Amino acid sequence: MHLNPEQEQAASHGINGDRPTTGPPLLIIAGAGSGKTQTLAHRVARLILHGADPERILLLTFSRRAALEMQRRVRRVLDNGSGSDGTRAAPELAWAGTFHSVGARLLREYAPRIGLDPQFTVQDRGDSEDLMGLVRNDLGLGSTAQRFPAKATCLAIYSRCVNSAAPLDEVLKSTFAWCAPWQEQLRALFAAYVEAKQSHNVLDFDDLLLYWAQMAGEGTFAQEIGARFDHVLVDEYQDTNRLQGSILLAMKPNGQGVTVVGDDAQAIYSFRAADVRNILAFPGTFDPPAAVITLERNYRSTRAILDASNAVMEEARERFTKNLRTERVSPHLPELVTLRDEADQARFVAQNILALRETGLTLKSQAVLFRSGSHAAQLELELTRRRIPYVKYGGLRFLEAAHVKDVLSLLRFAQNPRGRMAGFRALQLVAGVGPATATKILERLAAAADPAGTLATTDLGAPGGEGWECFAQLFAGVARDDASWPAALDHVLQWYEPQLERLYDDARVRRADLQALHAIAATYPSRERFLTELTLDPPSAVSDEAAAPGQDEDYVVLSTIHSAKGQEWKTVHVLNVVDGCIPSDMASATAEEIDEERRLLYVAMTRAKDRLFLLVPQRFYVHQQAAFGDRHVYASRSRFLPDRLLHQFTLRAWPDAPADPTTTVHAAEPLAAIDLAARMRAAWR
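This is the structure:
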């Protein structure tokens, strides 16, 4: 790809002649559809071509797939730039991955010096909830006279505290106000949860950043880790949280060799504790300030769509100034469609999708976006009635499928016999072993120096029989440190096959997922890397979800706006562009929340390449309100589309609603060892 002048400037920033140089810090503000990934790939390739050591380049992304795609593009640029004929492999980026995966690698390497057992395993969200629930029950918090927060809520509060680097009382006040009366009990719960994780030798997602940030907070450790990398590049910097920002600045306090790429206008993940201030404040963090290069040429959308999107963002209180431009012209303005109610909205979308299909537009090139999954309920019924196949993003995830969790629990248990949650599930896969027996076995293993030997000598009597002996042999073989990979998974799957038939009626369908799991495993060098990476960045579909469109290979995409970020379609319909939905009435309490809701609409609009439809139903039917019963609620057009912006749209009524709804506007040396494990326990005392 030929780079435009702004992309070229970003790719070559700080590169002088043929000498490798770290260069001053750089912020690339990359507007939607502006070729961000290609620009970053060219920058990495340029660094390597000018002498940078690929082993000393740290590339941080927000998904494993993004890291792999970045590496693929870097290799392609290197092949072209070096005149290679493809017979000589381009160098690999050894340190390309997500914050969490890189953190896991570093923690395992530094574990003996920070109070961790190097054989720790990383538990997924479901196991973390279960462990939180177990501790919650042990403390008697589930039997209180008043309703104590459920385990999922407790984990969400804990995670928010960690990722926002905010004290518990502040998080409760700002985000979980109804839980505030339980502050002291929650503090005790979180302290016990930390101790339980350490006793089981497991880390959760949040620990991977927390331990890394704590380690980087120690000056000598920060210097040692920072010195390993000449260049640190971070993609989607607007989505980083305070911990991630602190990690970057601790490793590279003067910013030398640091490049961050992002778009403040697409910062929409504050519910995950992402902090837009990281990118807004980045230039001024350094002295002299970081260079800022803005990519404004859009290669995705038509000029009319960009003009409307830019107009929406011009109303934002605080932003990096940019106006996306394009050479793509179209006779079609974005359409602002007024409808009587949600039923009309569903009928219009279904009818419009079919009409566009008749013009040659495939269903897959059309998407319907919405603020919340519940907003699509009426549309799903209408699509089903008309037999229009669709896929809705946000269903069952790969690692949540029971049969996949079974196999992974076996592998985790073999790697870390102290992992109580994995062991509890794995042991019960043996015929005749129930919760009580599994608990007794785990208690024996907790005090055993040789877990494999202890399992082999455990006599279950009649309930276990030959099945238990086979399981013990499997455990001993897979638990060996020198167990080959992925041969160890072959042994697990061979043992699990009859259990699959015994446990699940639809074993044939589930078997396809296990075949996919094996194919994924073959791409990893070790069991440890496989378990860690898969937990941190799992595939999104399982066999029964993948079959959702039926036998039709073409289907409409339904997606929340959050899930649609980074995607694009030829045609986009956005549901419920009304106050109460966009912005959500649950996210309108502060100016910061309103700003993010505006960015959410901007992200939705900039997913469209050719046609954009913003839908404004004028009333909603609300069911079973305690005070008022079933009733109609009237809505007004989103405050982000005031009258002064209407000239950017074609105004349309369907079938006979008022064409120009009124707008309601609202106010808007040899390093010393440190014991991080002890520090984590003490934090909640």
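Residues 187 to 871 in the numbering used here are what the sequence shown spells out, letter by letter. Glycine residues also receive a C-beta, built at the ideal position from the N, C-alpha and C atoms. All values reported here derive from a predicted model rather than from experimental measurement.
Exposure of residue i, with buried meaning 16 or more beta-carbon neighbours within 10 Å
i, result
"residue 427", "buried"
"residue 421", "buried"
"residue 364", "exposed"
"residue 824", "buried"
"residue 639", "exposed"
"residue 657", "buried"
"residue 546", "exposed"
"residue 359", "exposed"
"residue 505", "buried"
"residue 457", "exposed"
"residue 573", "exposed"
Backbone secondary structure at residue i - three-state DSSP
i, result
"residue 788", "helix"
"residue 863", "helix"
"residue 409", "helix"
"residue 518", "coil"
"residue 288", "helix"
"residue 208", "coil"
"residue 619", "coil"
"residue 766", "strand"
"residue 561", "helix"
"residue 745", "strand"
"residue 471", "helix"
"residue 398", "helix"
"residue 797", "strand"
"residue 417", "strand"
"residue 272", "Because residue 272 sits at a pLDDT of 48, beneath the cut-off of 50, its placement in the model cannot be relied upon, and the point is left open."
"residue 538", "helix"
"residue 202", "strand"
"residue 871", "coil"
"residue 756", "strand"
"residue 485", "coil"
"residue 296", "helix"
Through-space distance from residue j to residue i, alpha-carbon basis
i, j, result
"residue 243", "residue 280", "8 Å"
"residue 211", "residue 476", "5 Å"
"residue 228", "residue 869", "43 Å"
"residue 321", "residue 827", "48 Å"
"residue 593", "residue 781", "44 Å"
"residue 714", "residue 406", "28 Å"
"residue 291", "residue 866", "19 Å"
"residue 339", "residue 328", "13 Å"
"residue 784", "residue 562", "20 Å"
"residue 436", "residue 471", "12 Å"
"residue 596", "residue 408", "36 Å"
"residue 293", "residue 250", "18 Å"
"residue 318", "residue 341", "7 Å"
"residue 664", "residue 197", "46 Å"
"residue 521", "residue 800", "6 Å"
"residue 779", "residue 540", "36 Å"
"residue 237", "residue 711", "28 Å"
"residue 195", "residue 497", "27 Å"
"residue 344", "residue 832", "44 Å"
"residue 191", "residue 859", "49 Å"
"residue 871", "residue 373", "7 Å"
"residue 448", "residue 560", "30 Å"
"residue 763", "residue 264", "45 Å"
"residue 628", "residue 308", "19 Å"
Expected contact under 8 Å - CB spacing of residue i and residue j to nearest Å
i, j, result
"residue 288", "residue 260", "In fact, because the Cβ distance is near 17 Å, the residues do not count as touching under 8 Å."
"residue 549", "residue 793", "Not really, about 16 Å apart at Cβ, beyond 8 Å."
"residue 286", "residue 604", "Wrong, their Cβ atoms sit about 22 Å apart, outside the cutoff."
"residue 348", "residue 392", "4 Å"
"residue 840", "residue 510", "Between residue 510 and residue 840 the Cβ distance is about 29 Å, and since that is not below 8 Å, they are no contact."
"residue 862", "residue 400", "5 Å"
Bridge partner(s) assigned by DSSP for residue i
i, result
"residue 803", "525"
"residue 347", "Per DSSP, none; premise fails for residue 347."
"residue 283", "246"
"residue 427", "460"
"residue 307", "388"
"residue 556", "746"
"residue 358", "Paired residue(s): none; residue 358 is not in a bridge."
"residue 215", "448 and 480"
"residue 830", "Its beta-bridge partners do not exist; DSSP assigns none."
"residue 840", "525"
"residue 578", "744"
Minimum Cβ-Cβ distance from residue i to chain D less than 9 Å
i, result
"residue 832", "Note that chain D does not occur in the displayed structure, where there is just one protein chain."
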